[in-house]
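The opening residue of the sequence shown carries number 0 in numbering that gives the first Met the number 0; numbering runs sequentially from there. Note that beta-carbon positions come from the ideal geometry of N, C-alpha and C, so glycine has one too. In what follows, a single structure is set out as structure tokens and then discussed.
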Amino acid sequence: MDGTLANTQSLSLNAGTGGAIAASSTIGTGTSLATLTVTNSNGATFSGAVTTGTSVVLTDTTDATAITFNGALTTPTLTTAAQGYNLVLNGGATITNAVSFAHTGTLTLGNDAADVLLFDGGLTATDPSGVTLNGTVRTSGDAVSLGDGNTALTLAGTTSIIDTTNNGGTAAGAGITLGGAVDGTLANTQSLSLNAGTGGAIAASSTIGTGTSLATLTVTNSNGATFSGAVTTGTSVVLTDTTDATAITFNGALTTPTLTTAAQGYNLVLNGGATITNAVSFAHTGTLTLGNDAADVLLFDGGLTATDPSGVTLNGTVRTSGDAVSLGDGNTALTLAGTTSIIDTTNNGGTAAGRASPWAGRWMARWPTRRA
Numbered sequence: 000m001d002g003t004l005a006n007t008q009s010l011s012l013n014a015g016t017g018g019a020i021a022a023s024s025t026i027g028t029g030t031s032l033a034t035l036t037v038t039n040s041n042g043a044t045f046s047g048a049v050t051t052g053t054s055v056v057l058t059d060t061t062d063a064t065a066i067t068f069n070g071a072l073t074t075p076t077l078t079t080a081a082q083g084y085n086l087v088l089n090g091g092a093t094i095t096n097a098v099s100f101a102h103t104g105t106l107t108l109g110n111d112a113a114d115v116l117l118f119d120g121g122l123t124a125t126d127p128s129g130v131t132l133n134g135t136v137r138t139s140g141d142a143v144s145l146g147d148g149n150t151a152l153t154l155a156g157t158t159s160i161i162d163t164t165n166n167g168g169t170a171a172g173a174g175i176t177l178g179g180a181v182d183g184t185l186a187n188t189q190s191l192s193l194n195a196g197t198g199g200a201i202a203a204s205s206t207i208g209t210g211t212s213l214a215t216l217t218v219t220n221s222n223g224a225t226f227s228g229a230v231t232t233g234t235s236v237v238l239t240d241t242t243d244a245t246a247i248t249f250n251g252a253l254t255t256p257t258l259t260t261a262a263q264g265y266n267l268v269l270n271g272g273a274t275i276t277n278a279v280s281f282a283h284t285g286t287l288t289l290g291n292d293a294a295d296v297l298l299f300d301g302g303l304t305a306t307d308p309s310g311v312t313l314n315g316t317v318r319t320s321g322d323a324v325s326l327g328d329g330n331t332a333l334t335l336a337g338t339t340s341i342i343d344t345t346n347n348g349g350t351a352a353g354r355a356s357p358w359a360g361r362w363m364a365r366w367p368t369r370r371a
């Protein structure tokens, strides 16, 4: 189906509350429509690509039934009404203006790791009841906000990417906000990569992987990243880059077999305790903070080495299960915070032999003033 003059003819479809809409071929790919409107339906499926020159407007569809685009959706403006239908974008998308998904059913973004959905002006999805991501969501330097306290983000497929640099085209990027819990669909299967560029902050305000663990969580780049809730992965956490002297902060417990830091100048803060199975060698060259309370316990089951960071601050207990601890060198001081810090290579007595704990650097002990 096509128009006769690009961005001139519009089409409105109303199948009522009981009728389904089925478009089995393309719409507007030869000569674009101006606006495509779904006024009402009992489910609508667009099997081919859809292209409009002005907008796509989804006014209503029966609650809990879906408006599905299985082909690429290309439009300057996508408008969803505050109704209880589900929306499925399976075939990729290119949408010019900012999108705020107002519908209150579910939202599905992609159904394959190869799917790319470009929201050129950014997107907000906090009103849908849940968001499922399978593929890549990109913007050209505009913010992405997915989920809130009532809207969880579920990962499907293998690797999902949220990238506000449009694959490097806008290096500064923009902020990425994950407001609700983030989980996979099968333990240790789905991975998530976050790239907010050199100028965008990453903020995850709830848990990640604590319901169904992710495989790998990657911070590709950011201007600071804060994970407020617990983070659990079944394979690894990879911290590739973040702007020098800004921090990647884990305020909840971090649980992962492997923690990898790259030789970049960001700071790393582990405030909520940790359980890391394999040996960790902290390669980043900013500061390293281990704990922010005497009750924090960070178990590096395979041992740890922190000689590359510019400084290490310890507040809590660092443990290993009989593997060595090496903190500091001639250029890396160890600063104690709080009241009592413990370094224990017996894992609280579970591995009686322990291991040596060399400190090649200098100590900078800071103790609070005792009160009478």
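One alpha carbon belongs to Ala180, the other to Ala203, and they sit about 8 Å apart.
Annotation: the region 217-255 contains the following complete segments of the beta strand (DSSP E) (minimum length 3 residues), in chain order: 224-226, 230-238, 246-249, 253-255.
Secondary-structure assignment with DSSP links Ser144 through a beta bridge to Thr123, Thr176. Annotation for Thr219: Asp162, Ser192, Leu193, Asn194, Thr239, Asp240 place their beta carbon closer than 8 Å to its own, counting only its chain and skipping 5 residues before and after. Of all alpha-carbon atoms in Leu12, Leu298, Leu4, the one lying nearest the alpha-carbon of Gly349 is that of Leu298. CA-to-CA, the gap between Thr257 and Asn85 works out to about 37 Å. One thing to note: His102 has its Cβ no nearer than 8 Å to the Cβ of Pro75.
Boundaries of the beta strand (DSSP E) harbouring Thr50: 49-57, taken from the DSSP string. If you draw a straight line from the Cα of Ala273 to the Cα of Arg318, it comes to about 10 Å. By the neighbour-count criterion, in which 16 or more other beta carbons inside 10 Å mark a residue as buried, Thr157 falls on the exposed side.
In the structure shown, Thr64 adopts coil according to DSSP, grouped into three states. Annotation for Gly47: Ala22, Ser23, Ser24, Thr25, Ile26, Thr28, Asn69, Gly70 place their beta carbon closer than 8 Å to its own, counting only its chain and skipping 5 residues before and after. Rounded to the nearest angstrom, the gap between the Cα atoms of Val136 and Ala142 is 11 Å.
Pairing Gly251 with Thr50, the inter-Cα distance amounts to about 44 Å. With distances taken between CA atoms, Leu177 lies nearest to Leu122 out of Thr259, Leu122, Asn39.
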